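**Student:** One structure is given below, represented as structure tokens, and several questions about it will come after.
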Amino acid sequence: MSRTEARRTERFSGIAEGNLSRNRAMRSIARFDIYDIATGALLATLVLAVWLTFRDYAISNDEGVQHHYGELIISYYQSAFKDRDVFAFENLYLYGGLFDIIAVGLAHVVPVEAYELRHILCAMIGIGGIVASAVTARLIAGPRAGLIAAVALALCGGWYGAMFNHTKDIPFASAMMGATLFLVRIARRLPSPRAVDVAGFGLLAGAALGVRSLGLLLILYLGFAVAICLPWRERGMRLSFAATSALKALPAVVLAGFIMILAWPWAALSPLNPIRGLIAFSEFHYDIRTMFEGRVYEMADVPRLYTPVYLLIRVPLITLAGAALAMSSLLWQQRDEGRGGHRSDLALVSLSVLFPLACQVLLRGPGFTGMRHFLFVLPPLATLAGVGFSRGFDALSTRGPRLASAGLALVSACFLWDGVTLARLHPYENLSYNALVGGLPGAFRRYELDYWFNSMPEAIRTLEAFVRDQTHIDSIHPSKVYSVAVCGERLPFDRAVTLPQLRWDFRSEWDESEFFIASTQMNCDHDLDGDVIGTVERFGVPIAYVKDRRAIAKRPVDTVASPSLGQEATARTRSIP
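In terms of my numbering, the sequence shown is numbered consecutively and its last residue is 1489.
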């Protein structure tokens, strides 16, 4: 072959290889349709929103003790198990510290303030929960269902508003949803699931257990998955099917237990401690009050329907409608599309919503701060909404494209309305209530509101602006130091205040303080009188007040601050981690 022919052959070979590469790329792109692209765009937008707004969210009441708990766990391991303070720090030993360990570890290497880092990390994990919800819905009913699920969860104020500083509830909920995704994949291939799905389930179940003992629910869900996939019509194969399934899933349980022990030292002291922790969690009866339908209850005395009602009035109605549509389809869907088919998928996801709620109602577990401890049911609810609406649109399309388009427009308008509501609430998205109670105005002084006192930074900025103006007017005492009573925790106050004239200073008596800031949560703003000089509000509803008490404050008997009084004043806002 001549040199010219060789070059020509090489050129044609390169062109062919290039065409082959382009064809492969086109096939890869073709696997993703417009709904997948829209879902990706939504997730990218959420990531951008996190980075632009994470500083807008206050430090929650429990973050200080949780961060210290992570430090104690690390100290326990660094001391070769000799430093046992971790087992005596309040009631934190009953919980796993996976998130706190990671946050403390990253704080030593990432040049970001520790609590800002916690908020970024928690929010990104929250987006991970949205991803898990969307992927699960996509797996069951296609890309459109995935997009709807992602939108439904992202526009749920109870989720998005909690993503930044609910540093136990959001990581736990995201891990539970991720484990549910892999459980659905496992169920489709029983009795011989893929190793990657078993490993994924074990990893995320361990992450859930590394935050809360309630992650033990996933083991029950695994057993339920095996039960609904049993070949019930083939009696001779049931035992073999169950045994093989259990053997294949065993590595997931072992992996989950290993991760749990690493993140939860108390669980390693006894094999029964995780169960003891779950029992202790269900029997918490601390002196903590909560509000429900305008009445104040001790957490041990809340009505049985406390948690379900909070979910009913906090989750957007459009999401509840879609989830109900998906669940109801289980009643009329007669045939299962293959082993582990869509009906089994829906049953598993529905179980992850209904079972914990049923346990809460039947066993009458303690309840407080609304649906905070049940945030983990929001991702599967969003998944069901995605599946329900996607299948609903398919059903409408058989009756005509116009009807399907009308349904899509209606659902989109409802989600748009929820998005606008969250934008107007920012950064208090967690205060969103649906139309069943008349939104935030209808929930005012009737249900839980700003229990984390997220409005404290805005209230402090209002007070600082007032003090600056007063200092400018009254230049005789420019260095006057004012005592500020706060119906909240000291850590977020100290992190938010910038003026040296303002000092967290509970004197010998609380009513000696010259200024008072409090949220309207549990009517805490009624504790001290004073002239209202500032209000934090959304939709015309006061979320927090700033009061000037200088004209009526008792004359201080002792200028030395009394920490015990400060703790007593904040007891009502302190929550259990």
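Each residue gets a CB set at the ideal place from its N, CA and C atoms; glycine is no exception. It should be emphasised that the depicted structure is a prediction, and the values quoted were computed from it without experimental measurement.
Got a sec, what are the start and stop residues for the beta strand (DSSP E) Ala1456 sits in?
**Tutor:** By 1-based counting over the sequence shown, the position of residue 1456 is 544. Segment Val1453 to Asp1460, the beta strand (DSSP E) holding Ala1456.
**Student:** Tell me the rounded alpha-carbon separation between Val977 and Ile1014.
**Tutor:** Counting from one through the sequence shown, the residue named residue 977 turns up at place 65. Counting from one through the sequence shown, the residue named residue 1014 turns up at place 102. Distance between the alpha carbons of Val977 and Ile1014 is about 15 Å.
**Student:** Out of curiosity, what's the CA-to-CA distance linking Leu1151 and Thr1219?
**Tutor:** Taking the first residue of the sequence shown as position 1, residue 1151 is located at position 239. Taking the first residue of the sequence shown as position 1, residue 1219 is located at position 307. Computed Cα separation, rounded: 38 Å.
**Student:** Among the candidates Gly1114, Pro1105 and Ser1241, whose CA atom is the shortest distance from the CA of Thr1156?
**Tutor:** What you label residue 1156 is simply residue 244 of the sequence shown in a count that begins at 1. The candidate whose alpha carbon is nearest that of Thr1156 is Pro1105.
**Student:** Nearest by alpha-carbon distance to Pro1353: which of Arg1201, Gly1452 and Pro1103 is it?
**Tutor:** Here residue 1353 corresponds to residue number 441 of the sequence shown, with the count starting at 1. Looking at the Cα atoms, Gly1452 is the closest of the given residues.
**Student:** Which stretch, first to last residue, makes up the alpha helix (DSSP H) that contains Gly1300?
**Tutor:** The sequence position of residue 1300 within the sequence shown is 388, counting from 1. Where Gly1300 is concerned, the enclosing alpha helix (DSSP H) stretches over Leu1290 to Ser1309.
**Student:** Could you tell me which of Asn1435, Gln1433 and Ser1425 sits nearest to Leu1463, measuring between CA atoms?
**Tutor:** On the sequence shown, position 551 is the one that residue 1463 refers to. For clarity, residue 1463 is Ala in the given sequence; the question names Leu instead. Measuring from the Cα of Ala1463, the nearest candidate turns out to be Ser1425.
**Student:** Could you check where the alpha helix (DSSP H) with Tyr1222 kicks off and where it finishes?
**Tutor:** Residue 1222 sits at position 310 when you count from the first residue of the sequence shown. First-last of the alpha helix (DSSP H) with Tyr1222: Tyr1218 to Arg1226.
**Student:** Beta-carbon within less than 7 Å of Glu1341's beta-carbon, same chain only, minus the 5 sequence neighbours each way: which residues are those?
**Tutor:** For the purposes of this step, residue 1341 is taken as the residue at position 429 of the sequence shown. Once the five neighbours on either side are set aside, the close Cβ partners of Glu1341 are Gly1069, Tyr1072, Gly1073 and Leu1334.
**Student:** Since Ile1052 and Leu1258 are thought to touch, with beta carbons under 8 Å apart, how far apart are those beta carbons, to the nearest angstrom?
**Tutor:** By one-based count along the sequence shown, residue 1052 stands at place 140. By one-based count along the sequence shown, residue 1258 stands at place 346. With 8 Å as the limit, Ile1052 and Leu1258 qualify as a contact, their Cβ atoms being about 7 Å apart.
**Student:** Going by C-alpha distance, which of Ala953, Arg1358, Gly1009 and Val1021 is nearest Tyr1209?
**Tutor:** For the purposes of this step, residue 1209 is taken as the residue at position 297 of the sequence shown. Tyr1209 has its Cα closest to that of Arg1358, out of Ala953, Arg1358, Gly1009 and Val1021.
**Student:** Would you check if the distance between the CB atom of Ala1408 and the CB atom of Leu1440 is smaller than 8 Å?
**Tutor:** As a working note, residue 1408 is residue 496 in the sequence shown. As a working note, residue 1440 is residue 528 in the sequence shown. Not in contact: Ala1408 and Leu1440 (Cβ atoms no closer than 8 Å).
**Student:** Counting C-beta neighbours from all protein chains within 10 Å, is the total for Asn1346 16 or more, i.e. buried, or is it exposed?
**Tutor:** As a working note, residue 1346 is residue 434 in the sequence shown. When all chains shown are included, Asn1346 counts as buried.
**Student:** Roughly how many whole angstroms lie between the Cα atoms of Val1214 and Arg1201?
**Tutor:** To locate residue 1214, count along the sequence shown from 1; it is residue 302. To locate residue 1201, count along the sequence shown from 1; it is residue 289. C-alpha separation (whole angstroms): 9 Å.
**Student:** Could you check what DSSP says for Glu983 in three-state terms: helix, strand or coil?
**Tutor:** The residue labelled residue 983 in the question sits at position 71 within the sequence shown. Three-state DSSP puts Glu983 in a helix.
**Student:** Cα-Cα, which of Asp1081, Ala1139 and Glu1002 is closest to Ser1123?
**Tutor:** Mapped onto the sequence shown, residue 1123 falls at position 211. The question names Ser, but residue 1123 in the sequence shown is Val. Per the Cα distances, Asp1081.
**Student:** Within the continuous alpha helix (DSSP H) that includes Val1416, where are the two ends?
**Tutor:** Indexing the sequence shown from 1 puts residue 1416 at position 504. In the sequence on display, residue 1416 carries Trp and not Val. Premise fails: Trp1416 lies in the beta strand (DSSP E), Leu1414 to Trp1416, not in any alpha helix (DSSP H).
**Student:** For Tyr1209, does the three-state DSSP call read helix, strand or coil?
**Tutor:** Here residue 1209 is taken as the residue at index 297 of the sequence shown, counted from 1. DSSP places Tyr1209 in strand when its eight states are reduced to three.
**Student:** For the segment 1017-1077, list the alpha helix (DSSP H) runs that are entirely contained and at least 4 residues long, ordered along the chain.
**Tutor:** If we require 4 residues or more, the alpha helix (DSSP H) runs fully inside the segment 1017-1077 come out as 1026-1053, 1055-1066 and 1069-1072.
**Student:** Given that a residue counts as buried once 16 or more other Cβ atoms are within 10 Å of its Cβ, and exposed if not, what is His1493?
**Tutor:** The chain is shown only over 913 to 1489; residue 1493 falls outside these bounds and no answer can be derived.
**Student:** When the cut-off is 8 Å and only beta carbons count, does Phe1288 lie next to chain C?
**Tutor:** Annotation note: the requested chain C is absent from the structure, which comprises a single protein chain.
**Student:** Would you call the segment 1116-1132 and the segment 1167-1175 in contact, with 3 or more CB pairs under 8 Å?
**Tutor:** Judged by Cβ distances under 8 Å, the segment 1116-1132 makes contact with the segment 1167-1175, as three or more pairs qualify.
**Student:** So which of Phe1204, Asn1077 and Arg1050 has the shortest CA-CA distance to Phe1365?
**Tutor:** Start at 1 with the first residue of the sequence shown, and residue 1365 comes out as number 453. Taking only the C-alpha atoms, the option nearest Phe1365 is Asn1077.
**Student:** Any idea if Phe1113 is buried or exposed, counting beta-carbon neighbours within 10 angstroms, 16 or more meaning buried?
**Tutor:** Start at 1 with the first residue of the sequence shown, and residue 1113 comes out as number 201. Buried.
**Student:** In three-state terms, what does DSSP make of Arg1450?
**Tutor:** Residue 1450 sits at position 538 when you count from the first residue of the sequence shown. It is a strand residue.
**Student:** Thinking C-alpha only, which one of Val1261, Ala1465 and Phe1286 is nearest Val1221?
**Tutor:** As a working note, residue 1221 is residue 309 in the sequence shown. Checking every option, the nearest Cα to that of Val1221 belongs to Phe1286.
**Student:** Could you pull the start and end residues of the alpha helix (DSSP H) that Met1088 belongs to?
**Tutor:** As a first step, residue 1088 is located in the sequence shown; it is residue number 176 there, counting from the start. Where Met1088 is concerned, the enclosing alpha helix (DSSP H) stretches over Asp1081 to Arg1101.
**Student:** Could you have a look at Val1444 and say whether DSSP puts it in helix, strand or coil?
**Tutor:** On the sequence shown, position 532 is the one that residue 1444 refers to. Val1444 falls in the strand class under three-state DSSP.
**Student:** Can you tell me which residues form a DSSP beta bridge with Met1203?
**Tutor:** As a position in the sequence shown, residue 1203 is number 291, starting the count at 1. In DSSP, Met1203 forms a bridge with Val1208.
**Student:** Please name the residue, chosen from Val1016, Ala1049, Met1075 and Ala1057, that lies closest to Gly1090 on a Cα-to-Cα basis.
**Tutor:** Taking the sequence shown and counting its residues from 1, one reaches residue 1090 at position 178. Ranking Val1016, Ala1049, Met1075 and Ala1057 by Cα distance to Gly1090 puts Ala1049 first.
**Student:** Counting pairs of beta carbons, one from the segment 998-1009 and one from the segment 1372-1384, are three or more of them closer than 8 Å?
**Tutor:** As far as the Cβ criterion goes, the segment 998-1009 does not touch the segment 1372-1384, which means the pair count is below three.
**Student:** What are the residues that DSSP puts in a beta bridge with Ile1140?
**Tutor:** Within the sequence shown, numbered from 1, the residue matching residue 1140 stands at position 228. DSSP lists no partner for Ile1140.
**Student:** What residues match up with Ala1398 in a beta bridge as DSSP calls it?
**Tutor:** Position 486 of the sequence shown, counted from the start, is the residue given in the question as residue 1398. Rather than Ala, the amino acid found at residue 1398 in this sequence is Val. Paired residues: Ile1429.
**Student:** Who are the Cβ neighbours of Val1021 in its own chain at under 7 Å, not counting the five residues just before and after it?
**Tutor:** Here the question's residue 1021 lines up with position 109 in the sequence shown. Correct list: empty, nothing qualifies.
**Student:** Since Asp968 contacts Pro1055 with CB under 8 Å, what's their CB separation in whole angstroms?
**Tutor:** Along the sequence shown, read from residue 1 onward, the residue named residue 968 stands at position 56. Along the sequence shown, read from residue 1 onward, the residue named residue 1055 stands at position 143. Going by Cβ atoms, the distance from Asp968 to Pro1055 rounds to 32 Å, so no, they are not a contact pair.
**Student:** For the alpha helix (DSSP H) containing Lys994, name the first residue and the last one.
**Tutor:** Position 82 of the sequence shown, counting from 1, holds the residue named residue 994. Looking at the DSSP string, Lys994 is not in any alpha helix (DSSP H), and its letter there is neither H nor E.
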